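Below is one structure; the comments refer to it alone.
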Amino acid sequence: MCKLAHYGNCDEETKDDEYCIFHKPNKTDEEAKKFYEMLILKYKPETEETYDDVIGFFDRFIFDGNINFSGFVFPEIPEDCNFTFREIEFRGDVKFDDAVFEFTPEFNNSQFDFASFNGTQFKKGADFTHSHFKKSVWFRNTKFYDITVLGLSTFEEMVFAENIYFDTHCFSFSTFKKGVDFKGISGKRIELIRTKFYGPALFSIDSVKDMRLDGATFEDSLLFVPFGSGGEIGEISFNFTQFNKDLSLEFVLEKIENLVSRAEACRVQRKIYEREDGRDLADDLFRKGVSCNPT
429 MCKLAHYGNC DEETKDDEYC IFHKPNKTDE EAKKFYEMLI LKYKPETEET YDDVIGFFDR
489 FIFDGNINFS GFVFPEIPED CNFTFREIEF RGDVKFDDAV FEFTPEFNNS QFDFASFNGT
549 QFKKGADFTH SHFKKSVWFR NTKFYDITVL GLSTFEEMVF AENIYFDTHC FSFSTFKKGV
609 DFKGISGKRI ELIRTKFYGP ALFSIDSVKD MRLDGATFED SLLFVPFGSG GEIGEISFNF
669 TQFNKDLSLE FVLEKIENLV SRAEACRVQR KIYEREDGRD LADDLFRKGV SCNPT
């Protein structure tokens with residue numbers, strides 16, 4: 429019996445093996461081709477011919493109903509295999525929980541309803557450029573290795589992330605129409621350049637080396653808090669960032685390692701306090717001994 433049979437989505441033909449074809453790690457080229465053939469056979473997606481400036485004409489896949497890819501190990505798509513994630517559409521809930529992508533999936537121009545990526549590992553990053561998430565999205569214990577791009581994308585509902593790790597994560601030029609709740613994020617670099625947030629944004633930081641918010645717009649509140657005993661931020665930038673409501677950086681100011689970044693964060697925080705007639709709060713910020721001097 430497949431060791432991951434508890435997900436309830438094994439391939440019928442190989443379910444009695446140590447791993448069925450869907451859950452088997454380290455697939456051969458032949459097994460990789462069979463994986464995608466059996467995936468199509470199991471879920472029976474529709475296809476629609478479309479055109480892309482990069483690859484020309486191709487068939488995009490449309491999945492109806494709820495889809496469970498939990499625990500699947502996605503190998504690189506063989507050249508002679510008629511499958512792609514590009515412009516894929518899910519017309520129901522889709523779960524990629526505990527799935528492993530052994531290559532860089534290109535979800536460009538894709539459409540999702542509810543999507544769950546809890547425990548998912550993207551071993552070589554991922555590309556979700558121009559994707560549209562119509563319902564809430566979950567990233568819990570998700571690992572993004574290498575460069576992951578969710579830029580130029582639209583998130584209609586809440587985005588939840590908890591205990592996620594990333595190398596370089598880019599949300600630039602994206603739109604979050606509701607709130608974002610990021611708890612325990614850690615990694616090397618996160619870019620939110622010219623990103624628009626229309627709902628409240630919470631960033632609970634474990635450890636981030638470089639965070640870029642240049643040109644971003646926050647229509648609702650923005651709160652930075654440390655995650656557990658963490659909260660370390662190497663560098664952070666707010667060049668041309670627009671804050672239209674509350675901003676709270678006070679809890680992480682002393683944990684910003686780069687002194688120039690810390691001074692900039694203090695300047696931005698003080699400006700918000702003074703705008704809200706909170707000059708006393710601004711003065712108190714410095715009375716508490718927060719060092720905002722870059723020299």
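Each residue of the sequence shown is one higher than the one before, starting from 429 at the first, in the numbering used here. Note that CB positions come from ideal geometry on N, CA and C, so glycine has one too. Just so it is clear, the structure is predicted and the values come from calculations on it, not from any experiment.
Check                                                                                                        : Outcome
Three-pair Cβ contact test at 8 Å for the region 436 to 443 versus the region 480 to 494                     : no
The region 558 to 569 in contact with the region 535 to 548 per 3-pair CB rule at 8 Å                        : yes
Where LEU681 falls: helix, strand or coil (DSSP)                                                             : helix
PHE540 CB to nearest heavy atom of the ligand SAH below 8 Å                                                  : In the structure on display, the ligand SAH does not appear, and there are no ligands present to speak of.
Cβ pair PHE491, GLU517 closer than 9 Å                                                                       : yes
Cα-Cα separation, GLY615 to PHE583                                                                           : 22 Å
For PHE450, the residue or residues it bridges with in DSSP                                                  : BP columns for PHE450 are empty, so no partner.
Per-residue burial, SER581 [other beta carbons within 10 Å of its own, 16 or more giving buried]             : buried
DSSP state of ASP541 mapped onto helix, strand, coil                                                         : coil
Sub-9 Å separation of LEU432 and HIS451 beta-carbons                                                         : yes
Boundaries of the alpha helix (DSSP H) in which SER689 is found, first to last residue                       : 687 to 703
Contact check, GLU682 vs ARG690, beta carbons under 9 Å                                                      : yes
Secondary structure, beta strand (DSSP E): runs of 3+ residues fully inside the region 580 to 661            : 587 to 590, 593 to 598, 608 to 619, 629 to 640, 650 to 654
Extent of the continuous beta strand (DSSP E) to which HIS490 belongs                                        : For the sequence presented, residue 490 should be read as Ile rather than His. From DSSP, the beta strand (DSSP E) with ILE490 extends over 484 to 492.
Short Cβ contact (9 Å threshold) for GLY607 with ILE633                                                      : no
Cα-Cα separation, PHE588 to LYS472                                                                           : 30 Å
Nearest-angstrom Cα separation, counted from CYS430 out to THR623                                            : 43 Å
Residue interval of the alpha helix (DSSP H) (run including PHE531)                                          : Premise fails: PHE531 is in no alpha helix (DSSP H) and is neither H nor E.
Which of helix, strand or coil DSSP assigns to HIS560                                                        : strand
Contact under 9 Å by Cβ, PHE556 with THR576                                                                  : yes
ARG703, buried or exposed, once every other Cβ within 10 Å from all chains shown has been counted against 16 : exposed
Contact set for GLU685: own chain, Cβ-Cβ below 8 Å, skip 5 residues either direction                         : GLU660, ILE661, GLY662, GLU663
Inter-residue CB distance, GLU530 and PHE513 (contact presumed, cutoff 8 Å)                                  : That belief does not hold up - the Cβ atoms of GLU530 and PHE513 are roughly 13 Å apart, past 8 Å.
Opening and closing residue of the beta strand (DSSP E) in which ASP444 lies                                 : Neither: ASP444 is in no beta strand (DSSP E) and is coded neither H nor E.
Distance between VAL501 and GLU446 (C-alpha atoms, nearest Å)                                                : 14 Å
Limits of the unbroken alpha helix (DSSP H) element including ILE468                                         : 457 to 471
Enclosing beta strand (DSSP E) for TYR573 [first to last residue]                                            : 571 to 577
Buried versus exposed call for TYR701 [16 or more other C-beta atoms within 10 Å across all chains shown]    : buried
6 Å Cβ shell around ASN672 - same chain, five flanking residues per side excluded                            : GLU647
Beta-carbon proximity list for ASN494, same chain, < 7 Å, skipping 5 on both sides                           : GLY520, ASP521
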